[in-house]
Amino acid sequence: MSSPNSAAVDLWLIATETVETPVFNALKSALSTGEQAQLQRIRLPAAQRQFVLSRGCLRYLLSRYIQQSPSSLTFAYGPRGKPALCPHRHGAIPVFNLSHSGSRLLIGISIAPQVRAIGVDIEALRSVNRLPGLCRRCLTLAEAQTVLALEPPQADHRFLRYWTGKEAWLKAQGLGIADSMQTLELSLGPQELPPVLSSALSSVTITAPSGPESDGALYQWQPETGYLAAIAVQSHSHTAHSFHRQQTNPAALVASPSA
């Protein structure tokens, strides 16, 4: 795990395609009363499963950082619904963010005092439906022209790079994506040949209406074959960030809730 004396972020990639019933029930039992009520309002079984896995795994991971039981954690929510961990008995309060796509969860967590917010996004590489319309709604003119000049699957992958970067950045700032994506522009450089990205995190320049954001940084990488990911880090000071990447699964989290 990251040290409170460094600007480090832990990136947890969690595989969820196979979850045994006892593990799933343990994750579900860790949910708060409010989360249990929210779960009951979800109609589709697949969405219910995803809710339990996302919230349950998040609770089990955060419990490792603050040495409290997963079910005892309490959260506050920002105006756009971004969760934050409420203060606890002692120690640093982790900042975190979560994203899911396909059979993978990505959770970013940091206890570094220099890091004030993070946002993550993960997307399964796929064919993007209604790509021209999405480009018009979500990308700047220059970005859209870059995407639509390409043939599939490069066009789909290029769009998903723009999408993951912008969503991670907006989530770090606690903003919604509906009306904000076209206010940001990413400089991705030339279109890559497959693979889309390497497994190493690459820094990406992002420009907002006021100019380049100096208190934050954006990184993208390919965490696993078939997936793209991005993380945005908002810092209190200009500093380099380090990332510790770890892979796990729900069974391992439930077996060792605090490490």
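Here the sequence shown is numbered in this note's numbering, starting from 3 and rising by one per residue.
The beta carbon of each residue, even a glycine, is placed where N, CA and C say it ideally should be.
Helix, strand or coil at residue i according to DSSP, with G and I counted as helix
| i | result |
| --- | --- |
| T20 | coil |
| T209 | strand |
| S204 | strand |
| G121 | strand |
| T250 | strand |
| E153 | coil |
| H102 | strand |
| E187 | strand |
| V198 | coil |
| A231 | strand |
| Q222 | strand |
| S71 | coil |
| S237 | strand |
| A10 | strand |
The alpha helix (DSSP H) enclosing residue i, as first and last residue numbers
| i | result |
| --- | --- |
| V54 | P47 to I68 |
| R82 | Note, R82: premise wrong, no alpha helix (DSSP H); not H, not E. |
| L41 | T35 to Q42 |
Other residues of its chain near residue i: CB distance less than 7 Å, five sequence neighbours each side excluded
| i | result |
| --- | --- |
| C88 | T76, F77 and A78 |
| Q70 | H90 |
| A202 | W223 |
| T35 | none |
| L255 | C59, Y62 and L63 |
| Q193 | L152, Q156 and R160 |
| C137 | A146, V149, L150 and F161 |
| S56 | L100, H102 and L107 |
| W165 | E125 and C140 |
| P134 | L150 |
Close beta carbons around residue i, own chain, < 8 Å, minus the five adjacent residues each side
| i | result |
| --- | --- |
| P96 | L64, Y67, I68, L87, I111, S112 and I113 |
| V206 | G167, L188, S189, L190, L220, Y221, Q222 and A232 |
| P72 | A32, G58, R61, Y62, L64, S65 and P259 |
| Q1 | With the chain represented from 3 up to 261, any question about residue 1 goes unanswered, as that position is not in the structure. |
| R106 | L15, I16, A17, T18, I124, A126, P225, E226 and Y229 |
| S204 | Y221, Q222 and W223 |
| G176 | G80, P81, R82, K84 and A119 |
N- and C-terminal bounds of the beta strand (DSSP E) containing residue i
| i | result |
| --- | --- |
| Q217 | Before going on, a small fix: residue 217 reads as Asp here, not Gln. It is not in any beta strand (DSSP E) - D217 carries neither H nor E in the DSSP assignment. |
| R106 | R106 to S112 |
| L136 | That residue, L136, is in no beta strand (DSSP E); its alpha helix (DSSP H) goes L133 to C140. |
Same chain, Cβ closer than 6 Å to residue i, neighbours up to 5 away in sequence not counted
| i | result |
| --- | --- |
| S129 | D158 |
| P85 | F77 and Y79 |
| V122 | N99, S101, L108, G110, A170 and I233 |
Buried/exposed call for residue i, threshold 16 Cβ in 10 Å
| i | result |
| --- | --- |
| G218 | buried |
| N131 | exposed |
| S200 | exposed |
| P252 | buried |
| G213 | Note that G213 has pLDDT 48, beneath the 50 cutoff, so the model's placement of it is unreliable and the number below is only indicative. Flag for G213 reads exposed. |
| L29 | buried |
| R163 | buried |
| S237 | buried |
| S257 | Here residue 257 is Ala; the residue named in the question, Ser, does not match the sequence. Exposed is the call here. |
| T20 | exposed |
Are three or more beta carbon pairs between the segment 241-250 and the segment 170-188 nearer than 8 Å? Inter-segment contact for the segment 241-250 and the segment 170-188 is absent: fewer than three beta-carbon pairs are separated by less than 8 Å.
Counting pairs of beta carbons, one from the segment 138-148 and one from the segment 40-52, are three or more of them closer than 8 Å? Because the criterion of three Cβ pairs below 8 Å is not met, the segment 138-148 and the segment 40-52 do not touch.
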